[in-house]
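Encoded as structure tokens, the structure appears first; notes follow it.
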Amino acid sequence: MPQSPDPSWLEAAWAQREEQIYPALFGALGPGIYPLDMALFSQVFGQHDVDPRWLTHGVFESPPNTRRSSWLYVTSGLSNAWEDARPDADGESGMGHELLLETREQSPWALRLLRNFCAYQLLLAAGRFGEQPPLGEWDRMRTGEPINGGDSLLQALLFIPAPGFAGPRQLLSGRFGFLQIIGLTLAEHAWGQAEGYPALMERLALAGAAPVLDPTRASLC
Numbered sequence: 001m002p003q004s005p006d007p008s009w010l011e012a013a014w015a016q017r018e019e020q021i022y023p024a025l026f027g028a029l030g031p032g033i034y035p036l037d038m039a040l041f042s043q044v045f046g047q048h049d050v051d052p053r054w055l056t057h058g059v060f061e062s063p064p065n066t067r068r069s070s071w072l073y074v075t076s077g078l079s080n081a082w083e084d085a086r087p088d089a090d091g092e093s094g095m096g097h098e099l100l101l102e103t104r105e106q107s108p109w110a111l112r113l114l115r116n117f118c119a120y121q122l123l124l125a126a127g128r129f130g131e132q133p134p135l136g137e138w139d140r141m142r143t144g145e146p147i148n149g150g151d152s153l154l155q156a157l158l159f160i161p162a163p164g165f166a167g168p169r170q171l172l173s174g175r176f177g178f179l180q181i182i183g184l185t186l187a188e189h190a191w192g193q194a195e196g197y198p199a200l201m202e203r204l205a206l207a208g209a210a211p212v213l214d215p216t217r218a219s220l221c
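1 is the number of the first residue of the sequence shown in UniProt numbering; add one for each residue after it.
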């Protein structure tokens, strides 16, 4: 494991994100963070050798407020500058992003999905899946099952720069942005492959099918 940075500035940047930036953007963050745990890494990904720093990452569940009607789920920790010996305000902080998704209702499946992808990003960055890099803007993937674990037609995901929270956010350890997860049907995924995913996002947004996820919606393609 690389030598940990001086905890004073790392913890200050961490607090800056969770106590200043997140409340200003999202409002109340719910009852607290839902951290990653050993069971997630071992049962979902078959990984038993876990960096203890990963277990400090987690997901906040932010309820609707006067600025938005959605439930919002956001990771915290991916933008921690663990590998930096000193803060670099002009560079990226950690992975340079946090993950985010929105739903129409409070959704345990959304919390589970985002915790899983937070862990997946950490494993990708650690090289646990060969040379595959961490997920980035406009990456997409099929999930192999409905995203809510039920009968939803949404069985693919698209990762986009969060339209409602655009632009990098500044920490004393560097900048970071938000990657928002969008749910797609397999037909929409195929349409995006043929016509381009930015064009697909325009269709989804015009129909009110994005960026807020609704696992009960019909396919637009």
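By construction, the Cβ of each residue, glycine as well, lies at the ideal position given by its N, Cα and C atoms.
Euclidean distance between Cα positions of residue 109 and residue 61: As a working note, residue 109 is residue 109 in the sequence shown. As a working note, residue 61 is residue 61 in the sequence shown. Roughly 12 angstroms separates the two Cα atoms.
Span separating the alpha-carbon of residue 174 from that of residue 151: Stepping through the sequence shown from its first residue, residue 174 is reached at position 174. Stepping through the sequence shown from its first residue, residue 151 is reached at position 151. So the alpha carbons of these two residues sit roughly 41 angstroms apart.
Of the residues 73, 81, 211, the one placed nearest residue 164, counting alpha carbons only: Working through the sequence shown from its first residue, we reach residue 164 at position 164. Among 73, 81, 211, the Cα nearest to that of residue 164 belongs to 211.
First and last residue of the uninterrupted beta strand (DSSP E) at residue 126: As a working note, residue 126 is residue 126 in the sequence shown. From DSSP, residue 126 is part of no beta strand (DSSP E); its letter is neither H nor E.
Runs of beta strand (DSSP E) wholly within the UniProt domain "Suppressor of fused-like" (62-217) (minimum 3 residues, chain order): 71-76, 92-103, 140-142, 154-161, 169-171, 174-185
Rounded C-alpha distance that separates residue 191 from residue 96: Residue 191 sits at position 191 when you count from the first residue of the sequence shown. Residue 96 sits at position 96 when you count from the first residue of the sequence shown. So the two alpha carbons sit approximately 29 angstroms from each other.
Where residue 59 falls: helix, strand or coil (DSSP): Counted from its first residue, the sequence shown places residue 59 at position 59. It is a strand residue.
Distance, residue 27 Cα to residue 41 Cα: The residue given as residue 41 occupies position 41 in the sequence shown. The residue given as residue 27 occupies position 27 in the sequence shown. Straight-line Cα distance between these residues: approximately 30 angstroms.
Status (buried if at least 16 other CB within 10 Å, exposed otherwise) for residue 225: Look at the range of the chain in this structure, 1 to 221, and you will see that residue 225 is not part of it.
Option in 180, 183, 172, 213 with minimal Cα separation from residue 20: Stepping through the sequence shown from its first residue, residue 20 is reached at position 20. Comparing Cα positions, the closest option is 172.
Residues near residue 180 in its chain [Cβ-Cβ closer than 6 angstroms; skip 5 each side]: Taking the first residue of the sequence shown as position 1, residue 180 is located at position 180. Excluding positions up to five away in sequence, the list reads 100, 160, 162, 211.
Rounded separation between residue 222 and residue 158 - CA only: Residue 222 cannot be examined here, being either before or after the span of the chain that is shown, 1 to 221.
Bridge-paired residues (DSSP) for residue 35: The residue you call residue 35 lines up with position 35 of the sequence shown. Residue 35 pairs with 58.
Close beta carbons around residue 134, own chain, < 7 angstroms, minus the five adjacent residues each side: Counted from its first residue, the sequence shown places residue 134 at position 134. Correct list, in chain order: 95, 121, 124, 125.
Cβ neighbour criterion (16 or more within 10 Å) applied to residue 75: Counting from one through the sequence shown, the residue named residue 75 turns up at place 75. Burial call: buried.
Beta-carbon spacing of residue 183, residue 220 below 8 angstroms: Along the sequence shown, one-based indexing puts residue 183 at 183. Along the sequence shown, one-based indexing puts residue 220 at 220. For residue 183 and residue 220, no; Cβs fall outside 8 angstroms.
Cβ pair residue 142, residue 197 closer than 8 angstroms: Indexing the sequence shown from 1 puts residue 142 at position 142. Indexing the sequence shown from 1 puts residue 197 at position 197. Taking 8 angstroms as the Cβ cut-off, residue 142 and residue 197 do not qualify as a contacting pair.
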